[in-house]
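Down below is the structure, laid out as C-alpha cells.
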Amino acid sequence: GDSVTQTEGLVTLTKGLPVMLNCTYQTTYSPFLFWYVQHLNEAPKLLLKSSTDNKRTEHQGFYATLHKSSSSFHLQKSSVQLSDSALYFCASMPNYNVLYFGSGTKLTVEP
Amino acid sequence: EAAVTQSPRSKVAVTGGKVTLSCHQTNNHDYMYWYRQDTGHGLRLIHYSYVADSTEKGDIPDGYKASRPSQENFSLILELASLSQTAVYFCASSSGTGGPLYAEQFFGPGTRLTVL
C-alpha cells in the first residue's frame, strides 16, 4: 500500500550548517508530495509541495526536488537558523484530498 | 488566512467516559479532517468528511466516531475513552477543488486529550 518513510527521527545541527531531511514514498498512483512544518505548540503548516519530476521547489529558504526514479522528496536548506527548529513531516496524497504523513523528523538547531 | 478553531484546547477525561472534540472552520471548505498525533507516529488520519451529514473512515477509525452537521462544523466523538486515546488531536480543512496540489490542508491549534 501507500506509505511515506522518514528515516531520521531526530536531527541536531549547529546554526549555519546545511541540512537534508530524508523522505521516500511508496504509491501506486501519480505522486503528489508535501512537506509540512510544525513549530513547538503550533499547528502544522504547509512548507513545500510538488508533483513534477526533477523540478526543484523552494519556499522560505527550504527546497526539495521530487525524484520519481528513486521515489524521494528530500528537504534541504543550505544554512539552518535557530528558528528552523521544528518538527518536519513529509506527506503524500495518493487519493485526492487525503494525506498520508510520515512519522516526522524533529530538527533542533543549536547556537 | 484560513481559520480553523478547536475546542476545548485541552481536556482531561476518565476512562470509559464520553468525549466530544469540536472543530469549526470559516474557510468555506468542503473537506474536514481529524488527525491524532503521537510521538513517533506523526499524524494519523481518523475520519474525514467532504460534505455535511457524511463522514468517511481514515486509517485509524476504531474507537472514534465523527459527525459533520454542517459545512463549518466537524466533531470527533469518543464514546468510551481509553488510556490509549491520550494524544493531541488536530482538525484540518481543505477546499477540495483545483487538483491535489491545491488541496492544502489548514490545521487548527490542536486539542491535548489526557485520559486517566
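Read top to bottom, the protein sequences are chains U and D. Note that our numbering has the first sequence beginning at -13, numbered continuously upward. Note that our numbering has the second sequence beginning at 357, numbered continuously upward. Glycine is no exception: its CB is placed at the ideal position from the N, C-alpha and C atoms.
Answer yes or no: does any C-beta atom of chain U fall closer than 8 angstroms to that of residue 397 of chain D? Residue mapping note: residue 397 of chain D aligns to position 41 of the second sequence, counting from 1. For residue 397 of chain D, the closest Cβ of chain U is nearer than 8 angstroms.
Could you give the distance in angstroms between the alpha-carbon of residue 447 of chain D and the alpha-carbon of residue 470 of chain D? Here residue 447 of chain D refers to the residue found at position 91 when the second sequence is read from its first residue. Here residue 470 of chain D refers to the residue found at position 114 when the second sequence is read from its first residue. Using only the alpha carbons, I get a separation of about 17 angstroms.
Note the first and the last residue of the continuous beta strand (DSSP E) segment covering residue 96 of chain U. Working through the first sequence from its first residue, we reach residue 96 of chain U at position 110. Secondary structure note for residue 96 of chain U: its beta strand (DSSP E) is the uninterrupted segment 91 to 96.
Option nearest residue 373 of chain D by Cα separation, candidates D:456, D:464 and D:434: Here residue 373 of chain D is taken as the residue at index 17 of the second sequence, counted from 1. Considering only alpha carbons, the answer is D:434.
Mind listing which residues of the segment 450 to 468 of chain D have their C-beta closer than 7 angstroms to chain U's C-betas, in chain order? Those residues of the segment 450 to 468 of chain D that come within reach of chain U (Cβ to Cβ, closer than 7 angstroms) are 450, 452, 456, 457, 459, 460, 461, 463, 464, 465 and 466.
Cβ of residue 90 of chain U within 8 angstroms of any chain D Cβ: Residue numbering aside, residue 90 of chain U sits at position 104 when the first sequence is read from its first letter. Judged by the 8 angstroms Cβ criterion, residue 90 of chain U is in contact with chain D.
On the three-state DSSP scale, how would you describe residue 69 of chain U? One-based indexing of the first sequence puts residue 69 of chain U at position 83. In the three-state reduction of the DSSP assignment, residue 69 of chain U falls in the helix class.
Anything in chain B within Cβ reach of residue 439 of chain D, meaning under 8 angstroms, just list it in chain order. Annotation note: the requested chain B is absent from the structure, which comprises protein chains U and D.
Does any residue of chain U have a CB that is nearer than 8 angstroms to the CB of residue 446 of chain D? Numbered from its first residue, the second sequence carries residue 446 of chain D at position 90. It does; some Cβ of chain U falls within 8 angstroms.
Here's the rule I'm using: 16 or more other beta-carbon atoms within 10 Å means buried, otherwise exposed. How should residue 403 of chain D be labelled? By 1-based counting over the second sequence, the position of residue 403 of chain D is 47. Buried, by the Cβ-count rule.
Would you list the one or two residues that DSSP bridges to residue 469 of chain D? For the purposes of this step, residue 469 of chain D is identified with residue 113 of the second sequence, where counting begins at 1. DSSP lists D:367 and D:443 as partners of residue 469 of chain D.
Please list the terminal residues of the continuous beta strand (DSSP E) segment that includes residue 398 of chain D. The residue you call residue 398 of chain D lines up with position 42 of the second sequence. Counting along the chain, the beta strand (DSSP E) containing residue 398 of chain D begins and ends at 398 to 407.
Less than 8 angstroms between C-beta atoms, sequence neighbours within five positions excluded: which residues of the same chain meet that for residue 383 of chain D? For the purposes of this step, residue 383 of chain D is taken as the residue at position 27 of the second sequence. Sequence-distant partners of residue 383 of chain D (beyond 5 residues in either direction) whose C-beta falls short of 8 angstroms from its own C-beta, in its chain, are 358, 359, 360, 449, 451 and 462.
Can you tell me which of the three DSSP states residue 457 of chain D falls into? Along the second sequence, one-based indexing puts residue 457 of chain D at 101. Residue 457 of chain D: helix per DSSP, three-state reduction.
Whole-angstrom distance between residue 428 of chain D and residue 43 of chain U, CA atom to CA atom: On the first sequence, position 57 is the one that residue 43 of chain U refers to. On the second sequence, position 72 is the one that residue 428 of chain D refers to. Looking at the two C-alpha atoms, the distance is approximately 33 angstroms.
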